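A.B. asks:
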Amino acid sequence: MNEYCSRTCCLATLHAAKTIRETYPETKVFDFHRDIRTYGRGQEELYEQAAKNKVLFLRFEAAEAPVVTKNGASHAHPLSIKVKDTLTFGEEVEVPVDLVVLAVGTEPNNVSDLAAMMKLPVGADRFLQEVHPKLRPVELSVAGVLLAGTCQSPMDMGEACNGASSAAVKASSLLTRGFVELDPFVAEVDLGLCSGTGSCVDACLQEGALQMVEIEEDGKKVQRAEVNPALCTGCGACVAVCPENAINVKGWTLKQYEAMVDMIVSDEVAA
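Here the sequence shown is numbered in numbering that gives the first Met the number 0, starting from 0 and rising by one per residue.
#1: For a test of the three-state rule: what should DSSP assign to MET117, helix, strand or coil?
#2: Less than 8 Å between the C-beta atoms of VAL100 and ILE80, yes or no?
#3: Quick check: the Cα distance between ASP155 and ASN52, rounded to an integer number of angstroms?
#4: Since PHE56 sits in a beta bridge, which residues does DSSP pair it with?
#5: Can you name, in chain order, every residue of its own chain whose Cβ lies under 7 Å from the Cβ of SER165, other than the five neighbours on each side?
#6: Got a sec? Which residues, its chain only, sit under 8 Å from ARG33 by beta carbon, not counting five neighbours each side?
#7: Can the beta-carbon of THR196 be found less than 8 Å from the beta-carbon of PRO242?
#8: From VAL130 to LEU139, what does the alpha carbon distance come to, in whole angstroms?
#9: Is the region 97-115 in contact with the region 1-11, if contact means three or more CB pairs nearer than 8 Å?
#10: Is the region 171-189 in contact with the region 247-261, if contact means three or more CB pairs nearer than 8 Å?
#11: Taking the alpha-carbon of GLY233 as reference, which of ALA258, CYS203, ASN108 and ASP217 has the nearest alpha-carbon?
#12: Could you please give the first and the last residue of the uninterrupted alpha helix (DSSP H) stretch that includes MET262?
#13: Should TYR23 go down as buried or exposed, given a rule of 16 or more other Cβ atoms within 10 Å for buried?
#14: Taking the DSSP output, what are the residues bridged to ASP124?
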């Protein structure tokens, strides 16, 4: 069971039910649901219009889903739906019908291969996850990759168009500038401390940002870590795994953090 709202399935069902009743008023429409969410501004009107058009709503609990059975050839309707309607305090209702339409929620396609290849962040709901829903809504933590549409979350047409427009504007601002502005907070290696374990390279989240290179030291050839500042995103994953504390992110060194923690727990009072 998905724990998120698909935003569009309830509205699509209500719109279809209302349209059928308006176009073919002799047709009876029943809406079996666990819950109805008229997501979006002004969408509650769809529910009200469907109710006024005599669409009949029956609500059931998750543990007691409707049961669809096939009727015999002599029956006027090929199918029947039996349900305990909580709106009438658990009364068991059986409805003969000609057609059953299942309104399913939106689920993301499996993009695990693409996410692993490009190191894209994926949320608990299996959609791609933006940096920040308000401040950077169409950007991923991987620089240069932008989001648009339902790869990010369930959306209606208006939201998908807005997301695509935002991504297009963001891409245009990057391309028209003519140069790429890099974040100054990138990793740097202290070659005097680096022992060449390669732990930082294994932990690096950005392919090519860290690599082991061979250098000559005291007449011997040794392996040492080297940072490509154009690819490094300054995430700090390498800092956390280095056994020699030989790597830091510029401007956010471990010694600075230690000094801040020491001051927090100290008894000194700022003048």
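Where a beta carbon is used, it is the ideal one built from N, C-alpha and C, also for glycine.
All figures in this text were calculated on a predicted structure; none of them were measured in a lab.
C.D. replies: So, from the data block:
#1: Here MET117 sits in helix by DSSP.
#2: Cβ atoms of VAL100 and ILE80: not closer than 8 Å.
#3: Straight-line Cα distance between these residues: approximately 24 Å.
#4: Answer by DSSP bridge pairing, in chain order: ASP30.
#5: Cβ within range, chain order: PRO136 and VAL137.
#6: So the list reads ARG58, PHE59, GLU60 and ALA61, once near-sequence residues are dropped.
#7: Yes, Cβ-Cβ distance for THR196 and PRO242 is below 8 Å.
#8: It is roughly 5 Å from the alpha-carbon of VAL130 to the alpha-carbon of LEU139.
#9: Remark: three or more beta-carbon pairs, one from each stretch, lie closer than 8 Å, so the region 97-115 and the region 1-11 are flagged as touching.
#10: The region 171-189, when compared against the region 247-261, does touch it at the 8 Å Cβ threshold.
#11: Of the candidates ALA258, CYS203, ASN108 and ASP217, the residue whose Cα lies closest to the Cα of GLY233 is CYS203.
#12: Element bounds for MET262: 253-264.
#13: Per the 10 Å Cβ criterion, exposed.
#14: According to DSSP, ASP124 bridges with nothing at all.
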